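Here this note's numbering = 1-based position in the sequence shown + 935. The beta-carbon is built from N, C-alpha and C at its ideal position, and this holds for glycine as well. What you are looking at is a predicted structure, and each value in this text was computed from that prediction instead of being measured. First the structure, in the form of structure tokens, and then the observations on it.
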Amino acid sequence: VAGRPMIVHVYETLAAVVEIVLVSVRKPDDDTGLPPEHVYDQYSDAGPLAGLHAGLLRCRTPWLLIVACDMPFLTKDVLNTLLAGRYSAAGPVVTRTSDDRLHPLCAMYSRDMLVDVETALRDQHYALQDMLRHTSCVTEIPAPAYPLRNINQQQDLLAGESGCGADDLGIHDRHYPER
């Protein structure tokens, strides 16, 4: 985006609203080129759930804010709204966009979720959406769809940069690896 990797945009947006940024990568030799502390998957081929696990293990605060690295249009406003939602939450705080999509990769998870995450990993149930369905007290925070658009292909980026809606391109719930 604008000649820079998407993860740089996400990192800068996060760094503007939180004190510590952890970057989750699959293995130590995955270089992001970013200065923050990196955490590494302890479960291979488990997707974003393994990254959530690594983050929760290293998290020094009661809550962990996670976002996908492929959301270059993410805004501080969305993150601040999400951060505020944790004060009245008893469980995960997850964004739900105006197009009625739940975004477990733009969410806050309590360190208390570590046991549930480890159980899901051990049972090889890697989908965050499924884990949330089996979690009580999920708090949904309304958010506009545009900032949470994830970019999987060049046409997604072009559509996002032009302000074109995903529905205009026939892009719907595609399932691509998110990490």
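Query: Is residue 1076 buried or exposed, if buried means 16 or more other CB atoms sit within 10 Å of its CB?; Result: buried
Query: Just checking my contact of residue 960 with residue 973 at CB under 8 angstroms: how many whole Å lie between their CB atoms?; Result: 6 angstroms
Query: What number of angstroms, rounded off, separates the C-alpha of residue 1050 from the C-alpha of residue 1063?; Result: 14 angstroms
Query: Among 1025, 1033, 1085 and 1059, which residue has its Cα nearest to the Cα of residue 1046?; Result: 1025
Query: Pick out the complete beta strand (DSSP E) segments inside the stretch 954 to 997, 3 residues or longer, and give them in chain order.; Result: 957 to 960 and 972 to 975
Query: Which residues in the same chain have their Cβ closer than 8 angstroms to the Cβ of residue 1033, if we skip the five residues on either side of it in sequence?; Result: 1077, 1078, 1079 and 1080
Query: I'd like the span of the alpha helix (DSSP H) that includes residue 1016, first residue to last.; Result: 1011 to 1020
Query: Give the straight-line distance between the Cα atoms of residue 942 and residue 970, rounded to the nearest whole angstrom.; Result: 12 angstroms
Query: My assumption, with CB atoms under 8 angstroms, is that residue 1040 sits in contact with residue 981. Please give the rounded CB distance.; Result: About 14 angstroms; that fails the 8 angstroms criterion.
Query: State the DSSP-derived secondary structure class of residue 952, mapped to helix, strand or coil.; Result: coil
Query: When the distance is taken between beta carbons, is residue 1009 closer than 8 angstroms to residue 948?; Result: yes
Query: Excluding five sequence neighbours on each side, which residues of the same chain lie with their C-beta closer than 8 angstroms to the C-beta of residue 991?; Result: 999, 1044, 1046, 1048, 1049 and 1052
Query: Ends of the alpha helix (DSSP H) at residue 1054?; Result: 1049 to 1057
Query: Around the Cβ of residue 1054, are there at least 16 other Cβ atoms within 10 angstroms (buried) or fewer (exposed)?; Result: exposed
Query: Among 1020, 1042 and 988, which one has its Cα closest to the Cα of residue 976?; Result: 988
Query: Count the other CB atoms, across all protein chains shown, that sit within 10 Å of the CB of residue 996; report buried if there are 16 or more and exposed otherwise.; Result: exposed
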